[in-house]
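Anchor point for the sequence shown: position 346 equals 345 in numbering that gives the first Met the number 0, and the numbering is continuous, going up by one each time.
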Amino acid sequence: MATPGANLTIDGQRLWDSLMQMAQIGPGVAGGNNRQTLTDADAEGRALFQSWCEAAGCTMGVDQMGNMFARREGSDPDALPVYVGSHLDTQPTGGKFDGVLGVLGGLEIIRSLNDMNIRTRHPIVVTNFTNEEGTRFAPAMLASGVFAGIHTQDWAYARTDAQGKSFGDELDRIGWRGEEEVGARQMHAFFELHIEQGPILESEGRDIGVVTHGQGLSWMQVTLTGKDSHTGSTPMPMRRNAALGMARVLEKVEEIALSHAPHAVGAAGHIEVYPNSRNVIPGRAVFTVDFRSPDLSVIQDMEARLQTETMAICDAIGLEAEFEKVGGFDPVTFDETCVSAVRNAAERLGLSHMNLISGAGHDACWINRVAPTAMVMCPCVDGLSHNEAEEISPEWAAAGTNVLFHAVVETAGILE
Ligand code: HGY
Ligand code: MN
Ligand code: MN
C-alpha cells in the first residue's frame, strides 16, 4: 500500500460551499443554526446529505436509530470499512460547523477520491450519527451510544423532549427510522473531524489538534421541591423557595469545579422553575448540572459533593431534593495507531499541530468502545461554540479535512 503523498489534498472551496449550503437549513436567528434532532429541519438536512452522497456514488444505509452510513466501495469488499463522520444536528443556538464539518469533511474525502480516481483497499463509510447534541432528547451522543451498546434501543426510543414527544415517535414522524440493526456494523477504524470548541489551538497558533483523550462528563438532574405560595403575602420565614435553593446550589457548583482547577468545569445549562409565574414562589426547580474533567476520580468527587452540599442547602430552607444521572461517560483514551495516523498526516502536510484533550463530548467517545478511534480538531474563533456566532476559517476547515483525508486513506490502504 502507498502512503498518501503531500499532494493528496481536498477541494477546500467545494467543502466550504457545502458547509454554507447545509447552513441554510434550519437557520438560527443570529446567523447560526437551529437544526435540532428529529425536527423537519433535521430531515431536510439529512435528505440533502443523502443526495450529495448518492451523487458521489455512495450507497446509503440507515439503522434503527436513524444513523446514516454512506459507503464508497474499496477493492476488497470483505475488508471492514474505515468510518468517518460526526453529526448534523445542532444546538438551538448552534453554529454552522459543530458536527457538520466532520460529516461534510468525510463527504469531501469521497468527492476528492472520485476526482483523483483513487481506489482504497478498505471501503470508506461517511457517517451522520443521530442526536449527538442531546439538547432535545437527553443524553448527548444518544445514537452512537446505542450503536456502541451503552444504551438499549428501547430506552433511547422512550426518551422524551420538553413537549413529551418520544424519540421513537419523532424518528418515525420524520421518516428516518431505518431497517438496519444498530451496532451490527463492524468498523476497521473510525475518525472524526471536529472544531475544538475551545480556545487552545487558536491561542497556541496551531492548525491541528491531535486528540489523544476526551474528558469525562456527568449530567446530574436535580429536582428541588418546596411549596408554591404567594410572593406578596407569604412571610419570609414561612417560605420554601425552590428557586432560592437552586441559586445556592449553582453557586456551590461553581465552587466545586474551581476547587479542581485548572481542568475541571461545572455549570447548569438546563434550568426550569415551576410554576414560573411572577407572583408565585417556585415550589419546584429542575436543573441539570454538567460536570467534566479528564480525571474520573475528580468527576466522582464533584458528583458526591454536589449531593452533600445540596442536602445541606435543602435542610436549611425546608426543601426536598432528588437526583437523577441523565448522562455521562468516563474519560476516553483514543487508539494509539489511529492517533499516530492523524499526527503523521499533520506532519506530512507541514501543518502545525499539538496533542489535545477534547473538552466536549463527541460520538467518537462512544465509538472508541467498539472500534479503533481518533479525532482531528481544527481551531475555532475565540474558542466559541454552542453559540450562533461560532466561526472557523475556510483554511482551518481545509487543513483539518486534509489531515482527516490522509489519516483515513492511510488506514484504508491506498492502492498504487
Ligand atoms: O455536550 C457536549 O460536549 C457535546 O457538544 N454534545
Ligand atoms: Mn459536536
Ligand atoms: Mn455540540
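C-beta: ideal position from N, C-alpha, C; glycine also. Only a predicted model underlies this, so the values are computations on that prediction, with no experimental measurement involved.
field: Straight-line gap, arginine 45 to serine 17 (C-alpha atoms, nearest Å)
entry: Looking up residue 45 in the sequence shown gives position 46. Looking up residue 17 in the sequence shown gives position 18. Distance between the alpha carbons of arginine 45 and serine 17: 13 angstroms.
- prompt: How would you write the range of the beta strand (DSSP E) that arginine 176 sits in, first residue to last?
  reply: As a working note, residue 176 is residue 177 in the sequence shown. Careful: arginine 176 lies outside any beta strand (DSSP E) and carries neither H nor E.
task: Starting from the N-terminal side, write out each stretch of the beta strand (DSSP E) that is 3 residues or longer and does not extend beyond the region 148-235.
output: 188-194, 207-213, 215-224
field: proline 293 vs histidine 259 beta-carbon contact at 8 angstroms
entry: Locating residue 293 in the sequence shown gives position 294, counting from the first residue. Locating residue 259 in the sequence shown gives position 260, counting from the first residue. Not a contact, by the Cβ cut-off of 8 angstroms.
- request: Examine ligand 2 and report whether any of its heavy atoms sits within less than 7 angstroms of the Cβ of aspartate 97.
  value: Locating residue 97 in the sequence shown gives position 98, where the first residue counts as 1. Yes, the beta carbon of aspartate 97 sits closer than 7 angstroms to at least one heavy atom of ligand 2.
query: Under 7 angstroms from any heavy atom of ligand 3, does the C-beta of alanine 359 make it?
result: Translated into the one-based positions of the sequence shown, residue 359 becomes position 360. Yes; taking the cut-off as 7 angstroms, the Cβ of alanine 359 has a heavy atom of ligand 3 nearer than that.
task: Could you tell me whether any non-hydrogen atom of ligand 1 is closer than 7 angstroms to the CB of glycine 133?
output: Numbered from its first residue, the sequence shown carries residue 133 at position 134. Yes; taking the cut-off as 7 angstroms, the Cβ of glycine 133 has a heavy atom of ligand 1 nearer than that.
message: Could you tell me the alpha carbon to alpha carbon distance between isoleucine 123 and valine 210, rounded to whole angstroms?
response: Walking along the sequence shown from the start, residue 123 turns up at place 124. Walking along the sequence shown from the start, residue 210 turns up at place 211. The straight-line gap from Cα to Cα measures roughly 21 angstroms.
field: Inter-residue Cα distance where the pair is alanine 320 and asparagine 130
entry: Numbered from its first residue, the sequence shown carries residue 320 at position 321. Numbered from its first residue, the sequence shown carries residue 130 at position 131. Roughly 29 angstroms between the two C-alpha positions.
field: Touching by the beta-carbon criterion (3+ pairs, under 8 angstroms), the region 361-380 and the region 170-181
entry: no
- request: Would you check whether ligand 3 has a heavy atom nearer than 7 angstroms to the C-beta of histidine 269?
  value: Numbered from 1 along the sequence shown, position 270 holds the residue referred to as residue 269. Checking the Cβ of histidine 269 against ligand 3 gives no.
message: Counting C-beta neighbours from all protein chains within 10 Å, is the total for isoleucine 270 16 or more, i.e. buried, or is it exposed?
response: Locating residue 270 in the sequence shown gives position 271, where the first residue counts as 1. Answer is exposed; the Cβ neighbour count stays below 16.
field: Cβ pair glycine 101, glycine 84 closer than 8 angstroms
entry: Counting from one through the sequence shown, the residue named residue 101 turns up at place 102. Counting from one through the sequence shown, the residue named residue 84 turns up at place 85. Yes, Cβ-Cβ distance for glycine 101 and glycine 84 is below 8 angstroms.
- prompt: CA-CA distance, aspartate 62 and glutamine 152?
  reply: Stepping through the sequence shown from its first residue, residue 62 is reached at position 63. Stepping through the sequence shown from its first residue, residue 152 is reached at position 153. Approximately 11 angstroms between the Cα atoms of the pair.
field: Closest by C-alpha distance to arginine 172, when choosing among Met64, Asn116, Gln23
entry: As a first step, residue 172 is located in the sequence shown; it is residue number 173 there, counting from the start. The option with the nearest alpha carbon to arginine 172 is Met64.
query: Which partner residues does valine 264 have in the DSSP bridge list?
result: In the sequence shown, counting from the first residue as 1, residue 264 sits at position 265. Partner(s): Arg291.
- request: Identify whether glutamate 335 lies in helix, strand or coil by the three-state DSSP scheme.
  value: Taking the sequence shown and counting its residues from 1, the one referred to as residue 335 is at position 336. Three-state result, glutamate 335: helix.
field: valine 341 beta carbon less than 8 angstroms from that of alanine 370
entry: As a working mapping, residue 370 is identified with position 371 in the sequence shown. As a working mapping, residue 341 is identified with position 342 in the sequence shown. Cβ atoms of alanine 370 and valine 341: not closer than 8 angstroms.
4-residue-minimum alpha helix (DSSP H) runs that sit fully inside the region 330-393, ordered along the chain: 335-347, 362-366
field: threonine 336 classed as buried or exposed, judged by whether at least 16 other C-beta atoms fall within 10 angstroms
entry: By 1-based counting over the sequence shown, the position of residue 336 is 337. With fewer than 16 Cβ atoms within 10 Å of its Cβ, threonine 336 is classed as exposed.
- prompt: Beta carbon of isoleucine 108, beta carbon of leucine 403: below 8 angstroms?
  reply: To locate residue 108, count along the sequence shown from 1; it is residue 109. To locate residue 403, count along the sequence shown from 1; it is residue 404. A contact, by the Cβ cut-off of 8 angstroms.
- prompt: Does the beta-carbon of histidine 229 have 16 or more other beta-carbons within 10 angstroms, so that it is buried, or is it exposed?
  reply: Position 230 of the sequence shown holds residue 229. Exposed is the call here.
- prompt: Between the beta-carbon of glycine 104 and the beta-carbon of threonine 400, is there less than 8 angstroms?
  reply: As a first step, residue 104 is located in the sequence shown; it is residue number 105 there, counting from the start. As a first step, residue 400 is located in the sequence shown; it is residue number 401 there, counting from the start. Yes, the Cβ-Cβ distance between glycine 104 and threonine 400 is below 8 angstroms.
Cα-Cα separation, asparagine 32 to methionine 237: For this step, residue 32 is matched to residue 33 along the sequence shown. For this step, residue 237 is matched to residue 238 along the sequence shown. If you take the alpha carbons of asparagine 32 and methionine 237, they lie about 45 angstroms apart.
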